[in-house]
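In this note's numbering, the protein residues as written are 331 to 581. Down below is the structure, laid out as structure tokens.
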């Protein structure tokens, strides 16, 4: 392959390439942070990356490591199966709020209860992005979507899912649970590094929700997008470490 640096025992290299997400989408930021952490931890040659159906599927060829694309909502059990069959590997599941909190919620819950030694990353952009912006489990009260044109009514549809909070209640002390945001890149990287470190050290379940942007379906300009992320989403979904074997939680 042209423009590829020679392989070394520690890592493989591929040229950088543009992502396939909509302009302003936060997925590219999350994946860049993840790629940098994988490189810094020097685990690329033993990492398996699995992605869900939805916007997250566009990440299937981002990294020069083994990867798999799963059926919608089935990323968690696939990565758990790989980890059980090959416990020496580092398995990373990447999904959206629909894949993790809706169709895949039973898998997330049971993997957490069993304290499976995998790392799961869930991107929360408060809507079903790939299919046109319908209401998702994380849609905020009053938020307008294609299926809630007058705003989400909690009396009819319930309140938004707070995934890290319920995962933290289901897991033992050696699990790692956090919520990050694309608006705080250094913190995002630190949380992803801790989640992978927890798996590397063989502790337990590792789960990071990342608050992300979706200006295409939110129908927002740059200023409005950042306002919704920082002033509305981060108020409803507090950012920080909810459970960590590495010391006091980071807020």
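Using N, Cα and C, we set each Cβ at its ideal position, and we do this for glycine too. Just so it is clear, the structure is predicted and the values come from calculations on it, not from any experiment.
(request) Could you name the residues that DSSP lists as bridge partners for residue 464? (result) 458
(request) Give the straight-line distance between the Cα atoms of residue 355 and residue 368, rounded to the nearest whole angstrom. (result) 22 Å
(request) May I ask you to verify whether the stretch 413-432 touches the stretch 371-391, counting CB pairs closer than 8 Å and requiring at least 3? (result) yes
(request) Could you name each continuous alpha helix (DSSP H) segment of 4 residues or more that falls completely within the stretch 348-436, going from the start of the chain to the end? (result) 357-371, 405-415, 427-431
(message) I'd like the list of long-range same chain contacts for residue 538, defined as Cβ closer than 7 Å, with 5 residues on each side in sequence excluded.
(response) 451, 508, 510, 521, 522, 525
(request) Work out the CA separation of residue 565 and residue 477 for me, nearest whole Å. (result) 23 Å
(request) Spell out a yes or no on whether the stretch 435-455 and the stretch 400-417 are touching, meaning 3 or more CB-CB pairs, one atom from each, closer than 8 Å. (result) yes
(message) Excluding the 5 residues flanking residue 582 on each side, which residues of the same chain have their C-beta closer than 8 Å to its C-beta?
(response) With the chain covering 331 to 581 only, the question about residue 582 has no answer from this structure.
(message) At the level of alpha carbons, what is the spacing between residue 558 and residue 366?
(response) 27 Å
(request) Look at residue 426 and residue 382 and say whether their C-beta atoms are less than 9 Å apart. (result) yes
(request) Please state whether DSSP places residue 452 in a helix, a strand or coil. (result) strand
(message) I need the DSSP call for residue 556, collapsed to helix, strand or coil.
(response) helix
(message) Using C-beta distances below 6 Å, list every residue in its chain close to residue 446, excluding the 5 sequence neighbours before and after it, in chain order.
(response) 410, 535
(message) Helix, strand or coil, according to DSSP, for residue 496 in the structure here?
(response) helix
(request) Please classify residue 506: does DSSP put it in a helix, a strand, or coil? (result) strand
(request) Out of 448, 487, 396, 498, state which residue places its alpha-carbon closest to the alpha-carbon of residue 466. (result) 487
(message) So the candidates are 390, 503, 373, 370; which of them puts its Cα closest to the Cα of residue 349?
(response) 390
(request) Could you round the C-beta distance between residue 469 and residue 484 to whole angstroms and report it? I think they count as a contact, below 8 Å. (result) Not really, about 10 Å apart at Cβ, beyond 8 Å.
(request) Please report how far the alpha carbon of residue 512 lies from the alpha carbon of residue 384, in whole angstroms. (result) 19 Å
(message) Give me the residue from 441, 430, 449, 444 with the minimum Cα distance to residue 456.
(response) 430
(request) With DSSP as the reference, please indicate the residues paired to residue 541 in a beta bridge. (result) 454, 511
(request) Look up residue 516 in the DSSP assignment and say whether it is helix, strand or coil. (result) helix
(request) With DSSP collapsed to three states, give me the class of residue 572. (result) strand
(message) Let me confirm a value: residue 551 is counted as buried when at least 16 other C-beta atoms fall within 10 Å, else exposed. Which label applies?
(response) exposed
(request) Report all residues from its chain with a CB closer than 6 Å to the CB of residue 573; omit the five preceding and five following residues, and keep chain order. (result) 498, 505, 507
(request) Pull up the CB-CB distance for residue 395 and residue 374, whole angstroms please, since I reckon it's below 8 Å. (result) 5 Å
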